[in-house]
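There are 2 protein chains.
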Amino acid sequence: MSIAERKQEEKQEMHQRILNAARKIFLEKGYEKTSMRNIAAEINYSPGSLYFHFKDKTEIFQELQKEGFTLLLNQLKVLNSVADPFERLKASGRVFIQFAQENKDYYNLMFMVEETVKEPSENRFKIAQEAINHMCSMIGDCQKQGRFKEMDTEYFTFMVLSAMHGICALFCKDRTTSFMNKTNEELMENGYECFVALLEKS
Amino acid sequence: MSIAERKQEEKQEMHQRILNAARKIFLEKGYEKTSMRNIAAEINYSPGSLYFHFKDKTEIFQELQKEGFTLLLNQLKVLNSVADPFERLKASGRVFIQFAQENKDYYNLMFMVEETVKEPSENRFKIAQEAINHMCSMIGDCQKQGRFKEMDTEYFTFMVLSAMHGICALFCKDRTTSFMNKTNEELMENGYECFVALLEKS
DNA sequence: CAAATTTATTAAACAGTGTTCAATTATCAA
DNA sequence: TTGATAATTGAACACTGTTTAATAAATTTG
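Heads up: the protein sequence lines correspond to chains A and B, in order. Okay, so the first sequence: first residue is 1 according to UniProt numbering, each after it adds one. Okay, so the second sequence: first residue is 1 according to UniProt numbering, each after it adds one.
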């Protein structure tokens, strides 16, 4: 079935063309301000045809969401070469924040979009789950070295993630303006260093 | 000018009626899913008339946002009686988290809605600004007692706020499910206590 | 009191949105 | 070549925020 195969490939190709157009515009204008007509126009396509390849707008975005998680995890994977768990933990935070800065829209999609999914979504955030487990064991390793004594590993992990997410979340919703005469980058990076300083004293 | 006064009052009354309707629907359905027509219908009003009382949708939203800030600040004000700045700081965090838990929708409106405002709008977050300043001076007082040595006060304040917001933001977008077999309240409160433990060691 | 003027309100319209669907074209199998 | 299948289209639907000309109500002025 060579012909059927080629057909399949052509469909995959269209799938990718749409995804590429969507990524470009989503990252340019954000989720809400990107319309299906915008995406269609980008590839000289009819708006209706998008629905032949994707169920709806959210399905397109969810593919990009998965891309985002993969992208972040790949950046974090580089740190596997860092042997000392505490050093790796500190570097992970910096990578995380840098990712948010450079991929604001991905970040919004990944962490800031309302969870309106009906079915409890089996493995929709399987990747995120794995990332958290990894983080948890990293902190566990730090504790084996004598850090964060008498802290519950899971609650502590939650706290660390919250702190990092808080920094990025304020940035992503432009709620950093109240700290005047300081750029977003200054705030986020120095703010994070304050947190690191706290960790180091513990 | 008794008549002009009454006129003024009637206008204020309509202003409030709209605001009440908007509050109800905004807190019910969130910002994006609330339409001007929804608000108008709630008080048997014409959609166009809303624009006689408010410039646009964001202006209505911003008034409710201010309400939220006032509500939160009133709860924080109670802590003025706590003399020791560090004790007050710790208690502020607990009040903040409790506010988010009890007023999830206000919290979303206050901190999680995209800032699409064009003109940097002088005093839009005047209240928030004051709250931050207050926080900043509270932390400054802690430093005078010898805590958080060699930390930049402003960056440190940003970090503390980020940590607290991170905890609440994950809660408000239901991103706590990855920490299984723990309730939201357990996570938030114990997570925060971890953070407090860090502060105490510094 | 009547006329003129200001103040409120409305319905209709505009340009945009996500999505659906009957009709149409292109592609392939028999 | 015909019939079936797959892909694409444009028009339509029901929405959205916002503007505006016409209208109604209330108030001020002559």
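Ideal Cβ placement from N, Cα and C applies to all residues, glycine included.
Any heavy atom of the ligand MG closer than 7 Å to the Cβ of B/N190?
No copy of the ligand MG appears in this structure; indeed no ligand is present at all.
Comparing C-alpha positions only, which one of A/K201, A/S178, A/L187 and A/F111 sits nearest to B/S178?
Along the second sequence, one-based indexing puts residue 178 of chain B at 178. Of the candidates A/K201, A/S178, A/L187 and A/F111, the one whose C-alpha sits nearest the C-alpha of B/S178 is A/F111.
What does B/K104 touch in chain A if you count any residue whose Cβ is under 8 Å from its own?
By 1-based counting over the second sequence, the position of residue 104 of chain B is 104. Simply none; closest approach about 12 Å.
Using beta carbons (cut-off 8 Å, strictly below), is A/N38 in contact with chain B?
As a working note, residue 38 of chain A is residue 38 in the first sequence. So no, A/N38 is outside the interface.
Cβ pair B/E96, B/L64 closer than 8 Å:
Counting from 1 along the second sequence, the entry for residue 96 of chain B is found at position 96. Counting from 1 along the second sequence, the entry for residue 64 of chain B is found at position 64. A small correction: the amino acid at residue 96 of chain B is Phe; Glu does not occupy that position in the sequence shown. With contacts defined by Cβ atoms closer than 8 Å, B/F96 and B/L64 do not form a contacting pair.
Any C-beta of chain B sitting closer than 8 Å to the C-beta of A/S202?
Position 202 of the first sequence, counted from the start, is the residue given in the question as residue 202 of chain A. Yes - at least one Cβ of chain B is within 8 Å of the one on A/S202.
Entirely enclosed alpha helix (DSSP H) segments - the segment 118–187 of chain A, minimum 4 residues:
126–144 and 153–172
Classification of B/S162 by the beta-carbon crowding that lies within 10 angstroms, buried from 16 upward
Along the second sequence, one-based indexing puts residue 162 of chain B at 162. Buried, because 16 or more other Cβ atoms sit within 10 Å of the Cβ of B/S162.
Does the segment 49–57 of chain A come close enough to the segment 71–78 of chain A that 3 or more CB-CB pairs lie under 8 Å?
no
B/Y31, enclosing alpha helix (DSSP H) - first and last residue
For the purposes of this step, residue 31 of chain B is identified with residue 31 of the second sequence, where counting begins at 1. Premise fails: B/Y31 is in no alpha helix (DSSP H) and is neither H nor E.
What's the C-alpha gap between B/I60 and B/N44?
Counted from its first residue, the second sequence places residue 60 of chain B at position 60. Counted from its first residue, the second sequence places residue 44 of chain B at position 44. Rounded to whole angstroms, B/I60 to B/N44 spans 17 Å at the Cα level.
Could you say which of B/A41, B/R94, B/L73 and B/G30 lies nearest to B/H134 if we only look at CA atoms?
As a working note, residue 134 of chain B is residue 134 in the second sequence. The shortest Cα separation from B/H134 among B/A41, B/R94, B/L73 and B/G30 belongs to B/L73.
List, in chain order, every chain B residue whose beta-carbon is nearer than 8 Å to that of A/M151.
Stepping through the first sequence from its first residue, residue 151 of chain A is reached at position 151. The contacting residues are C194 and A197.
When you compare only the Cα positions, how much space is there between A/T70 and A/Y106?
Here residue 70 of chain A corresponds to residue number 70 of the first sequence, with the count starting at 1. Here residue 106 of chain A corresponds to residue number 106 of the first sequence, with the count starting at 1. Their Cα atoms are separated by approximately 11 Å.
For B/T176, the nearest candidate out of A/E32, A/M159, A/R175 and A/Q145 (CA to CA):
Within the second sequence, the letter at position 176 stands for residue 176 of chain B. B/T176 has its Cα closest to that of A/M159, out of A/E32, A/M159, A/R175 and A/Q145.
With A/K90 and A/V196 assumed to form a contact (beta carbons below 8 Å), what rounded beta-carbon distance in angstroms separates them?
Working through the first sequence from its first residue, we reach residue 90 of chain A at position 90. Working through the first sequence from its first residue, we reach residue 196 of chain A at position 196. Right, their Cβ atoms sit about 5 Å apart.
Going along chain A in order, which residues have a C-beta closer than 8 Å to the C-beta of B/G166?
Here residue 166 of chain B corresponds to residue number 166 of the second sequence, with the count starting at 1. Here the neighbours are L161, S162, A163, M164, H165, G166, I167 and A169.
Straight-line Cα distance separating A/I132 from B/E185
Residue mapping note: residue 185 of chain B aligns to position 185 of the second sequence, counting from 1. Residue mapping note: residue 132 of chain A aligns to position 132 of the first sequence, counting from 1. So the alpha carbons of these two residues sit roughly 19 Å apart.
Could you pull out every residue in the same chain whose Cβ sits closer than 7 Å to the Cβ of B/L187, ignoring the five residues on either side in sequence?
If you number the second sequence from 1, residue 187 of chain B lands on position 187. Hits under 7 Å: T176 and F179.
Simplified DSSP assignment, three categories, for B/I60
Within the second sequence, the letter at position 60 stands for residue 60 of chain B. B/I60 falls in the helix class under three-state DSSP.
Boundaries of the alpha helix (DSSP H) in which B/K90 is found, first to last residue
For this step, residue 90 of chain B is matched to residue 90 along the second sequence. Element bounds for B/K90: P85 to E102.
Starting from A/N38, trace the alpha helix (DSSP H) both ways and give me its first and last residue.
Here residue 38 of chain A corresponds to residue number 38 of the first sequence, with the count starting at 1. Residues M36 to E42.
Whole angstroms is fine: what's the gap from A/D152's alpha carbon to A/R17's?
Your numbering for residue 152 of chain A matches position 152 in the first sequence. Your numbering for residue 17 of chain A matches position 17 in the first sequence. Between the C-alpha atoms of A/D152 and A/R17 there is a straight-line separation of about 47 Å.
Counting only C-beta atoms, is A/N190 closer than 8 Å to chain B at any point?
Within the first sequence, the letter at position 190 stands for residue 190 of chain A. Interface residue, yes.
B/A83 classed as buried or exposed, judged by whether at least 16 other C-beta atoms fall within 10 angstroms
Looking up residue 83 of chain B in the second sequence gives position 83. Exposed: under 16 other Cβ atoms inside 10 Å.
What three-state label does DSSP hand B/F54 in the structure shown?
The sequence position of residue 54 of chain B within the second sequence is 54, counting from 1. Correct three-state label for B/F54: coil.
How long is the line joining the alpha carbons of B/T68 and B/F148, rounded to whole angstroms?
Counting from one through the second sequence, the residue named residue 68 of chain B turns up at place 68. Counting from one through the second sequence, the residue named residue 148 of chain B turns up at place 148. It is Gly, not Thr, that sits at residue 68 of chain B in the sequence shown. Whole-angstrom Cα-Cα distance: 31 Å.
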